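First up is the structure itself, then whatever we jot down about it.
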Amino acid sequence: MEGTGYFARCLQRESDHLTGRTYLDRLSRRDRKEALRQTAERRADVLARRAAREADLR
């Protein structure tokens with residue numbers, strides 16, 4: 444199967460998903476380090492927002 448543009452990206456993502464790869468695996472070492480830093484930085488805020496939404500659903 445072949446695709447171009449956005450469809451090609453979708454195909455690549457699905458192919459990666461089936462082989463256990465993530466978007467982070469495709470980044471350069473420097474970009475991966477930065478993405479992981481940002482993730483760690485935002486973790487507490489994201490978890491707090493999730494807890495607040497969960498409380499609203501009760």
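First residue of the sequence shown: 444, per the numbering used here; consecutive thereafter.
Every residue gets a Cβ at the ideal spot worked out from N, C-alpha and C, and that includes glycine.
Remember, it's a predicted structure, so these values are computed and weren't measured experimentally.
Sorted by chain position, which residues of the same chain lie with C-beta nearer than 8 Å to C453's C-beta, five sequence neighbours on each side aside? Along the sequence shown, read from residue 1 onward, the residue named residue 453 stands at position 10. Exclusion of the five residues before and after C453 leaves G446 as the residues of its chain whose Cβ lies within less than 8 Å of its Cβ.
Can you give me the start and stop residues for the alpha helix (DSSP H) that R469 sits inside? One-based indexing of the sequence shown puts residue 469 at position 26. Careful: R469 lies outside any alpha helix (DSSP H) and carries neither H nor E.
Could you tell me if the beta carbon of D459 falls within a distance shorter than 8 Å of some heavy atom in the ligand NAP? Only the bare structure without any ligand can be found here, which leaves the ligand NAP out of the picture.
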